[in-house]
Amino acid sequence: MGRNEMTLSFSARSENEAFARIAVASFVSQLDPTLEELNDLKTAVSEAVTNSIIHGYDSNPDGKVTIEASIDGDVVSIAIYDNGRGIEDLELARQPLYTSKPEMERSGMGFTIMENFMDRFEVTSELGQGTRVAMMKRIESKKALYN
Amino acid sequence: MSLQAELEHYRNVLIVRLRGELDHHTADIVRNKMEAEIMRGDSHHIILSLKDLQFMDSSGLGVILGRYKQVRSKGGKMVVCDVNPSVYRLFEMSGLFKIMSIYDNERMAISSLEVVS
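Protein chains in written order, with full-length UniProt numbering: chain A, 1 to 147; chain B, 1 to 117.
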């Protein structure tokens, strides 16, 4: 199968978190992933989108979150980015259990979950410009089926 | 609504059954419902019953930890039961099992709390 791509852009509203992860899951379903693989992808997407909404845009719904996803062979690549405030200290933000918004009952596990649930994970950010998360995951189920 | 929270009192235990998807958008539903019950103070302990919870992310962890702190501050215990494998993984990753006990089902969770209360 050749490369397949999709782009999705939506308002930074919390009701779009479910929409975003379901849209990505639907796109990836053509690779016939296992339920576990799908859940990993949905969780990672949910974390990145939630971060953009809460931290990138301070819950201002005028902001836009964009997802670019592609399938190349059995590899899914997902980039999720915003044009929000950016992250001042990336190293600190990536620490497990660290959160800049404890008053909002954030667990500080978002980046840790993305790192654990995906095969590759990368975050870049510029203050006042926005944040971009790029992740990759190999979908194994189909290979297992044909072997 | 993509998340339902069903609350039931059993003796001095509040059983909270979550159904659907727990994320940042739906976390408020859980927070508001549970907080109101905890503040009323009819129940001492909480059982979080997660058999029908189909999805949860770190926002769910946040709201659960928040309620855990509230119950603890009033001297109660909070336990979880019927946890599916993906939710289990999140709990494990965040170290939640270091502070909360996990049981196979509500019956076992209830009997564990009856012993301590």
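Just so it is clear, CB atoms sit at the ideal spot from N, CA and C, and this is done for glycine as well.
Query: Residue from B:S94, B:R107, B:Q54, B:H45 whose Cα sits closest to the Cα of K77 of chain B; Result: B:H45
Query: Residue 180 of chain A - DSSP class collapsed to helix/strand/coil; Result: Chain A is shown only over 1 to 147; residue 180 of chain A falls outside these bounds and no answer can be derived.
Query: Simplified DSSP assignment, three categories, for I99 of chain B; Result: coil
Query: The stretch 18–37 of chain B: positions lying closer than 8 Å to chain A by Cβ; Result: E21, D23, H24, H25, A27, R31
Query: Rounded straight-line distance, which links the Cα of N105 of chain B to that of E91 of chain A; Result: 40 Å
Query: Per-residue DSSP class, three states only, for K33 of chain B; Result: helix
Query: From B:N12, B:T26, B:M108, residue whose alpha carbon lies closest to that of A5 of chain B; Result: B:T26
Query: Per-residue DSSP class, three states only, for I71 of chain A; Result: strand
Query: Beta-bridge partners of S11 of chain A, as assigned by DSSP; Result: A:K64
Query: D40 of chain A versus B:S101, B:Y88, B:A109, residue with shortest Cα-Cα distance; Result: B:Y88
Query: Own chain residues within Cβ distance below 6 Å of T66 of chain A, not counting five before or after; Result: S9, Y81
Query: Neighbour flag for R85 of chain A against chain B, beta carbons, 8 Å; Result: no
Query: CB contact below 8 Å: S59 of chain B versus chain A; Result: yes
Query: Stretch pair the stretch 7–26 of chain A + the stretch 59–73 of chain A: three plus CB contacts closer than 8 Å; Result: yes
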